[in-house]
Amino acid sequence: MIRVGLVGGSDPRHRRYLKPLLRRRAGVRIVGLSDPDTEVRDEFAQQYELPVFADHRELLAAIQPSLVAVTVPNPGPVVIDALRSGADVLVTPPVCLTAAELDEITDLARSSGHQVTAAHLYRGHPASLTAREIVSSGSLGTPDLVSLIVAADVSGGELDRIIGEALDLFGWLTGATLGSTTISDEPDEDRDFGELILAMAGTDPRRPVTLEVRRRSDLPQGQSILQVAGPAGAVEWDVASGVLRSATNGGDPIAVSCGPFSDPAEWVLTQLIRKPRPVITTEESLAATRSFLSATAVRS
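With this note's numbering applied, the sequence shown covers 4 to 303.
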């Protein structure tokens, strides 16, 4: 039985975990919630009949959960305290907001053997799974470019969230690790594909691959597109519609409707319950956060 302590009821992202967890009757149970807001605590106590606490440390001490699900704006201190208490952690990415916190979390996870799983949502979508099959088949050749293209109105926290998902997919789809981050002042030869916001290069010079983030004014409001390209073709996912398109040299273009997001956290929780090894490992979670911190530092 996985005993889940939920940290952060004020943050609407807690619903990613709460509803799927409440639907389950075997393998997992919510055992308590912490939030500094009195009204939120009262609501959870009455509606869900849960023990509630003002501070996450009180929850950790009183309930001793085996898994802590974190949905707060500044997750780093909670992740650190949860690992110190002997719990695994499921956290809405990024894992933390500073490099110092990330280093401490890395050390704690390594020394304790506990898992830190960043609940990246895009991996579990059928479009991502299909894209990975296409990339793994070799029909695109070795990928050399992953592009995230967003509409002009996508900015702030929503842009950060989507960039975080793209960073996770980059490593998952290509097997490469991101290194240097730039916003180039040089003329952009591909400006027709959109304004270049961010570019990150892979760390292996023998296998050059780049992540680009671009903004296009002609995209519908709120839209984002993820593309993976190689010398022999490309695959493209329209995130809003769920349509996946691929084209390869010598082959007919293919379009598949994979559907929009329904309950995006369900697959993360299912994997935690059924699999001995999380589908998003600690190493992958921390690597994506490290890249995210690098990207946001350059953009700020």
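Using N, Cα and C, we set each Cβ at its ideal position, and we do this for glycine too.
Counting only the Cα atoms, GLY225 lies some 35 Å from ALA85. Here DSSP, grouped into helix, strand and coil, assigns LEU105 to helix.
Judged by DSSP secondary structure, THR177 falls within the alpha helix (DSSP H) whose first and last residues are 159 to 177.
In the DSSP assignment, GLN50 falls within the unbroken alpha helix (DSSP H) covering 41 to 51. VAL231 and ALA64 have their alpha carbons spaced roughly 46 Å apart. From the listed residues SER260, ALA235, GLU239 and LEU247, the smallest Cα separation to GLY253 is found for ALA235. Take GLU215, set aside five residues on each side of it, and the residues of its chain with a beta-carbon closer than 6 Å to its own are SER150 and ALA202, in chain order.
Taking a C-beta distance under 8 Å as the contact criterion, LEU36 and LEU70 do not qualify as a contact pair. Within the same chain, ASP38, ASP40 and VAL43 come within 6 Å of SER13 by CB-CB distance, once the 5 residues on both sides are set aside. Taking the Cα positions, VAL94 is about 8 Å away from VAL82. Between the alpha carbons of ALA112 and HIS59 lies a gap of roughly 19 Å. Taking ASP147 as the centre and dropping the five residues before and after it, the same chain places the C-beta of PRO211, VAL212, THR213, ALA232, GLY233 and PRO234 closer than 8 Å to its C-beta, in chain order. The residue from ILE108, CYS99, GLU46 and ASP45 with its alpha-carbon nearest to that of GLY89 is ILE108. SER114 counts as exposed, since fewer than 16 other C-beta atoms from the protein chains shown sit within 10 angstroms of its C-beta. Pairwise C-beta distances place the region 132 to 146 in contact with the region 165 to 178, as three or more of them are shorter than 8 Å. In the three-state reduction of the DSSP assignment, ILE137 falls in the helix class, which pools H, G and I.
For ASP91, the uninterrupted beta strand (DSSP E) run begins and ends at 91 to 94, by DSSP. In the DSSP annotation of this structure, ARG248 is not part of any alpha helix (DSSP H); the continuous beta strand (DSSP E) holding it starts and ends at 246 to 251.
Going by beta carbons, THR74 and SER288 fall outside the 8 Å limit. Annotated three-state conformation of VAL212 is coil, per DSSP. The beta carbons of GLY11 and PRO97 sit about 14 Å from each other, so the pair does not count as a contact at 8 Å. Distance from the CA atom of GLN50 to the CA atom of ILE33, rounded to whole angstroms, is 13 Å. Look at ASP84 here: in three-state DSSP terms it is helix. By the beta-carbon neighbour count (other beta carbons within 10 angstroms, threshold 16), ILE257 is exposed. In chain order, ILE228 place their CB closer than 6 Å to the CB of ASP241, counting only its own chain and leaving out the 5 sequence neighbours on each side.
Under DSSP, LEU111 takes part in no beta bridge, so it has no partner. Between HIS117 and ALA291, the C-beta spacing is not below 8 Å.
In its own chain, leaving out the 5 sequence neighbours on each side, no residue places its CB closer than 7 Å to the CB of ALA103.
C-alpha of ALA204 to C-alpha of LEU100: approximately 22 Å in a straight line. In the DSSP annotation of this structure, ARG16 is not part of any alpha helix (DSSP H), being labelled neither H nor E.
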